[in-house]
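Heads up: the sequence lines are chains A, B, C and D, in that order. For the first sequence, my numbering begins at 4 and goes up steadily by one. For the second sequence, my numbering begins at 4 and goes up steadily by one. For the third sequence, my numbering begins at 4 and goes up steadily by one. For the fourth sequence, my numbering begins at 4 and goes up steadily by one. Here's the structure, in structure tokens; my notes come after.
There are 4 protein chains.
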Amino acid sequence: MTRRTTRARPRGRVAADARIPVAVLGATGAVGQRFVSLLDRHPWFRVAALCASDRSAGRAYGDVVRWHLDVPMPEWAAGMVVAACEPDVEARVAFSGLDASVAGEIETRFAASGYAVVSNARNHRLDPDVPLLVPEVNHAHLALLAKQRRRFAPGGLLVTNPNCSTVGLVMALAPVEAAFGVRRVVVATLQAVSGAGYPGVASIDILGNVIPHIGGEEEKIEAESRRILGAPGKPAAFRVSAHCHRVPVSDGHIVAFSVATARRAEPAEAVAALRAWRSPLAGLGLPSLPERPLVVRDEPDRPQPRHDRMAGAGMSVTVGRVRPCPVLGLRMVALVHNTIRGAAGVALLNAELLKAIGFLL
Amino acid sequence: MTRRTTRARPRGRVAADARIPVAVLGATGAVGQRFVSLLDRHPWFRVAALCASDRSAGRAYGDVVRWHLDVPMPEWAAGMVVAACEPDVEARVAFSGLDASVAGEIETRFAASGYAVVSNARNHRLDPDVPLLVPEVNHAHLALLAKQRRRFAPGGLLVTNPNCSTVGLVMALAPVEAAFGVRRVVVATLQAVSGAGYPGVASIDILGNVIPHIGGEEEKIEAESRRILGAPGKPAAFRVSAHCHRVPVSDGHIVAFSVATARRAEPAEAVAALRAWRSPLAGLGLPSLPERPLVVRDEPDRPQPRHDRMAGAGMSVTVGRVRPCPVLGLRMVALVHNTIRGAAGVALLNAELLKAIGFLL
Amino acid sequence: MTRRTTRARPRGRVAADARIPVAVLGATGAVGQRFVSLLDRHPWFRVAALCASDRSAGRAYGDVVRWHLDVPMPEWAAGMVVAACEPDVEARVAFSGLDASVAGEIETRFAASGYAVVSNARNHRLDPDVPLLVPEVNHAHLALLAKQRRRFAPGGLLVTNPNCSTVGLVMALAPVEAAFGVRRVVVATLQAVSGAGYPGVASIDILGNVIPHIGGEEEKIEAESRRILGAPGKPAAFRVSAHCHRVPVSDGHIVAFSVATARRAEPAEAVAALRAWRSPLAGLGLPSLPERPLVVRDEPDRPQPRHDRMAGAGMSVTVGRVRPCPVLGLRMVALVHNTIRGAAGVALLNAELLKAIGFLL
Amino acid sequence: MTRRTTRARPRGRVAADARIPVAVLGATGAVGQRFVSLLDRHPWFRVAALCASDRSAGRAYGDVVRWHLDVPMPEWAAGMVVAACEPDVEARVAFSGLDASVAGEIETRFAASGYAVVSNARNHRLDPDVPLLVPEVNHAHLALLAKQRRRFAPGGLLVTNPNCSTVGLVMALAPVEAAFGVRRVVVATLQAVSGAGYPGVASIDILGNVIPHIGGEEEKIEAESRRILGAPGKPAAFRVSAHCHRVPVSDGHIVAFSVATARRAEPAEAVAALRAWRSPLAGLGLPSLPERPLVVRDEPDRPQPRHDRMAGAGMSVTVGRVRPCPVLGLRMVALVHNTIRGAAGVALLNAELLKAIGFLL
């Protein structure tokens, strides 16, 4: 198949596109594809470079990518020539959907070269000077960026977002923490296969089956949730126990948890706190900020992946079944779209926040 | 389709079949079919009556049943004429796979008429004089039968088994209780669709989806597990919190739990206790008793429904991932075949125990 | 749950809504829900009545419907009071998603009372004076409406659309028929569960399974495709053989077929004919008409339900794998969204066509 | 995990095991695992060597294999040290489950060195002197072995079995060919994921989806079915057209076909011919020969993968829905267990036949 290769021209503008040029690192991967899709027609950012492994570099994106999303590939992306993951692309922001096996070093080089690196990879999440952000929950952690100045060239910075299931957990916990104080959490996840990248889980392993193990996931949830809900650089003191399962679902992670609170939380109070919770970023006009970061449902059998993952265009977390827990006091079920709010979408929101508050030079 | 209808003659014996004649109540339902399958060529019991609703009565079983099991219907069953659920059938034991909407009253009538009723229905599980049995765990609860004598005609009795996921939980908890004492349990279940009977869950509701709710299930687990692990008629004092989910799996329930123990339990000690646990019924020669009621696996990603549900011909519970829990102390994952060990199989084992200790007149 | 019940006011207009009032018959069913969803914010039609069985009548739609679609229920629908299926509602068009067990008689009464009935039910599809329409393919069959005048009150008429898999087949066959002439067709379908209504197929029957039979479906495909591709009232002479299978897919029917043509059709010529095919209705401004009724793909492994069913907002049929057939000459694979283009969407397009050409009084 | 490594001693016999020693080539792969499972306790063969890639050689089989089957790994296999795929193992038969990328050359070397190679790989299937066997159908093709003598050392020979879906097709066609003569066949397959090896199809590609393409499969069915139903070395003259689809099913391929016959075949006659068909090998006592190679079912919705794949312990092909075809005359649906009768099981049967008629020196 021959395909005309072109420079990126999202939305066909010619010269006067004032949007910020961005690169996607690991653009052919599962998270990379989601970045490409979410950046399509973005009002603030335009994709100037799609970067991938040397194997793909130099070829048209549409020829090397195996597109997995249910939404079609943007036409402008198909014709772009893939670049190597080198910090010489025309871009000010680098969105990283890189695999953890290579992300650490590449991201550091980009930041050192003056790019604002917004990463979904796990490598730098626990670095002492790197914000691990779910922006509505802990935007104050951006204060850590001050510590990065020595490390990077002007404009260079590095922010990360947590693991997909952690995003769902901390968004549901944030209002609980604010209203009642979180002390202990026992959480079970039922995670979709898209969270494993591509090719990820073999079909013969998961069809009609459950795999009660996802390598490293439980540790990530336990460490990252405490870091996010703590002060900058000082993880919260509560304890978390996670049981992770892979289930035969395409997209959408279920996060069911029991929580012990410092102050007794009646379910009705908890529902009120969840419903009352508003994004502290609401006034900033961030394009990807959902109207309601949390959607609370009353039906006894919601949230469900198929019905609720696209709430708020995939950026809202849906919570339901808020009820007393005989052991820890309160329990509920949350649902997060793992590749949108749980990965590329939250990273994009992080970048929008950086832009809004003046961190993108 | 015309089919020769015959009286039941499992294994083709003519006159001298000394086995105990039994009836299956609700024989056309999901649990009833499993009873029919497990009773095929049973050495102690022969199926003398298949009872179902008036709609089916009088017709050949093979003509009215919609057979769901992966194993074929026994040939002798196909030709049997279905009887009504009336206590006038030639049988001494009545296995009940009846729906809860009708089970309560029918079972009482059978017991009152002198049948030993061995039920999988929930209706009488919490009756003060009815044993709720997982025989390896709490056979001592048979002492409650002494209280039934007033109620029923000679030979009449009523024993029940718990809900399917409860069976998996209590079998994994029993050695922990014995060795360390159980104080608090938080459990998440991932349950197969066969547990919902037939037609049960609509395919459009569960394909590629999770339903985080199963009506009444959480309450059952919380109440039944304490009853089974307590003294006869006196539930144990520990607290249980259950989160139940329906997943797109045909058979096999995952039961993942964290447990706080009275005495600190290191994972290695817990594994040793699980491995050392032996059925107290081992000497009775019960035909359906598995060699190992508990199978403990070391792999990081087991148990899994597809690979482990048939352990011990579906009668063993498989346990894995025994590890410390940052919140409650100890955690692990158990897997139970929900329609064998979790329903018809455990009921059959209950009947075998009754026979072995002389309760079947 | 209490919910304020309101008269339908799609889009909140007050008095001057000039749109044509329509009713949805069988509004709580699977096809009815899709009608409600597709009619949301429709520029020509406004939903004035949601009609369902007497069991639901008088209650709020949101309280009686079990919503299955991945897209949320329109808010205006939730509060509408459901009406009985009686021809006394304020509406000029009645979209019928009724079950075949009741559709025949109800639709006739509505047409007789002066409603334009646009039905997805099978009951009247083969009536001699009823157009069986896929509008881009055989809009000329509207000529049959002239024969209905005696039967119905002024304004009353009855048009139908074919079975879901037939829609996919005839849209792919139409350009082949036009360019080469169709003589014989052997078709295999792989059909999604949403085509069976609700609750439809039990999950235990279809998870990890295939059911190679759908009652009446093969006969419908064989009869309806000939009727549509023939002259009004005179089915085409070609022969069709259908093999139908239910597969564990939520939405989207695969229609794979071999076709013998009157004039030899090289695959490249067939692709050209498929690509060149344009809707004869393109100039009418029908809101639901997709830009490209047929999408032809070159990849070796397309079309696929998950990736292609939403082409043209679910109104385009995607065709791929056009290649020679060693037996019949030409073969290819088509994909149709069974509840949009294959049911409610094609019915809506039929109504739009009736409006555009002046048949809605 | 340390595991005691041992030489293979299936069934624990010490010295006097008179069974023929065999090797499994590609023993860690999907087909190799099935060979290991089917050879467990085989009365004629004992596994003397498990051969795999150099990466696995020298390590215990249980430590290198990722076991996919629902039945557990035989204990004797877990401890065997894996050998390289070199023709120096103690064995007289080599069962090949090798990947096609390496099978051709390795199999030739084994045969040249005097091993009887019984292969499931596609590489040599169409070699002029290599029998492509489904033993009940075309055992007469063993005559081709006479042509191999020049090529191989004494004892060396090479037989193959066809592609999995071809096995199902030709077993259902054989009685039709014998009774009526086959002229043209249009076949659609719905194939399980286990047919793609491991890891095979990515779960994200097939969950809730259909892939209407399997590389090379249609060509294999079209060529191999004619070769098998022809005379030795002379393919039959009929024409075959195949449409292949991958579906989200674990095991069991559906093969739905229409067939034109030389002599008109009424469905009832075809059913009679299918029912009357008996294996010509019935008298040879082959351990893996099922009692009924073909099972014919009357229900309108059978065969189904979940219910019928294990007919005859996975060695019977089930046929149903025999009915007239408006285009070709006759149509029906067949089901074959793709990794048993369609791969390792048919290969094992081939080896048993070779043994029974004295071809294993």
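Glycine is no exception: its CB is placed at the ideal position from the N, C-alpha and C atoms.
Check: Can residue 48 of chain D and residue 22 of chain D be called in contact, C-beta distance under 8 Å?; Outcome: yes
Check: Rounded to the nearest angstrom, what separates residue 305 of chain A and residue 28 of chain D at their Cα positions?; Outcome: 50 Å
Check: Among B:81, B:83, B:117, whose alpha-carbon lies nearest the alpha-carbon of residue 97 of chain B?; Outcome: B:117
Check: Below 8 Å CB to CB, which residues in the same chain sit around residue 184 of chain A once its five sequence neighbours on both sides are set aside?; Outcome: 264, 265, 266
Check: Do residue 337 of chain D and residue 289 of chain D come within 8 Å of each other at the CB atom, strictly closer than that value?; Outcome: no
Check: Run the CB neighbour count on residue 1 of chain D, radius 10 Å, all protein chains shown included, and call it buried at 16 or more, exposed below.; Outcome: Missing from the structure shown is residue 1 of chain D; chain D here goes from 4 to 364 and no further.
Check: With 16 other CB atoms within 10 Å as the buried threshold, where does residue 74 of chain C fall?; Outcome: exposed
Check: What residue range does the alpha helix (DSSP H) around residue 39 of chain A cover?; Outcome: 33-42
Check: Assuming residue 88 of chain D is part of the alpha helix (DSSP H), what are its boundary residues?; Outcome: Neither: residue 88 of chain D is in no alpha helix (DSSP H) and is coded neither H nor E.
Check: Look at the alpha carbon of residue 158 of chain D and the alpha carbon of residue 84 of chain D, and state the distance between them as a whole number of angstroms.; Outcome: 26 Å
Check: Are there three or more Cβ pairs, one per stretch, closer than 8 Å when the stretch 102-110 of chain D is compared with the stretch 318-336 of chain D?; Outcome: no
Check: Taking the C-alpha atoms as reference points, what is the distance between residue 313 of chain B and residue 340 of chain B?; Outcome: 7 Å
Check: Using a beta-carbon distance below 8 Å, is residue 431 of chain C in contact with chain D?; Outcome: Given that chain C is displayed from residue 4 to residue 364, the structure contains no residue 431 of chain C and the question cannot be resolved.
Check: Return the first residue and the last residue of the beta strand (DSSP E) that residue 138 of chain B is part of.; Outcome: Here residue 138 of chain B belongs to no beta strand (DSSP E); instead the alpha helix (DSSP H) covers 138-141.
Check: Who does residue 348 of chain A pair with in a DSSP beta bridge?; Outcome: Looking at the DSSP assignment, residue 348 of chain A forms no beta bridge with any residue, so it has no partner.
Check: Could you pull the DSSP bridge partners for residue 98 of chain B from this structure?; Outcome: B:27, B:121
Check: Can you give me the start and stop residues for the alpha helix (DSSP H) that residue 228 of chain D sits inside?; Outcome: 220-231
Check: Going by Cα to Cα distance, which pick from C:153, C:63, C:245, C:249 is closest to residue 307 of chain D?; Outcome: C:249
Check: Could you list the residues in the stretch 273-307 of chain B with a C-beta less than 9 Å from some C-beta on chain A, going in chain order?; Outcome: 302, 303, 304, 305, 306, 307
Check: Less than 7 Å between C-beta atoms, sequence neighbours within five positions excluded: which residues of the same chain meet that for residue 353 of chain B?; Outcome: 121, 136, 138, 162, 164
Check: Between the stretch 163-196 of chain B and chain C, which residues of the former have CB atoms less than 7 Å from a CB of the latter, in chain order?; Outcome: 196
Check: For residue 104 of chain C, which option in C:91, C:234, C:230, C:127 has the closest C-alpha, if you only look at C-alpha atoms?; Outcome: C:127
Check: Which residues in chain D have a C-beta closer than 7 Å to the C-beta of residue 71 of chain A? List them in chain order.; Outcome: 207
Check: Could you tell me which uninterrupted alpha helix (DSSP H) segments, each at least 4 residues in length, are contained entirely in the stretch 139-193 of chain B, listed from first to last along the chain?; Outcome: 167-183
Check: With DSSP as the reference, identify every bridge partner of residue 261 of chain A, one or two as the case may be.; Outcome: A:189, A:334
Check: Would you mind telling me which residues of chain A sit closer than 8 Å to residue 159 of chain B, beta carbon to beta carbon, in chain order?; Outcome: Those do not exist, as residue 159 of chain B stays about 36 Å from chain A at its closest Cβ, beyond 8 Å.
Check: Using DSSP with H/G/I as helix, E/B as strand and the rest coil, what is residue 354 of chain B?; Outcome: helix
Check: Is it right to say residue 361 of chain B is buried, meaning 16 or more other beta carbons lie within 10 angstroms of its own, or is it exposed?; Outcome: exposed
Check: Quick one: complete alpha helix (DSSP H) runs, 4+ long, within the stretch 240-301 of chain A?; Outcome: 270-279
Check: Could you work out which residues of chain B lie near residue 310 of chain D, taking near to mean beta carbons separated by less than 7 Å?; Outcome: 73
Check: Using a Cβ-Cβ cutoff of 7 Å, what residues of the stretch 248-264 of chain C are near chain D? List them in chain order.; Outcome: 248, 250, 251, 252, 253, 257, 259, 261
Check: Using C-beta distances below 8 Å, list every residue in its chain close to residue 311 of chain C, excluding the 5 sequence neighbours before and after it, in chain order.; Outcome: 255, 298, 300, 305, 321, 338
Check: For residue 364 of chain D, is the classification buried or exposed, using 16 other Cβ atoms within 10 angstroms of its Cβ as the cut-off for buried?; Outcome: exposed
Check: The alpha helix (DSSP H) with residue 113 of chain B in it runs from where to where?; Outcome: 103-115
Check: Could you round the C-beta distance between residue 34 of chain A and residue 234 of chain A to whole angstroms and report it? I think they count as a contact, below 8 Å.; Outcome: Rounded, the Cβ-Cβ distance is 29 Å, inconsistent with contact.
Check: Could you tell me the distance, in whole angstroms, from the CA atom of residue 261 of chain A to the CA atom of residue 228 of chain A?; Outcome: 14 Å
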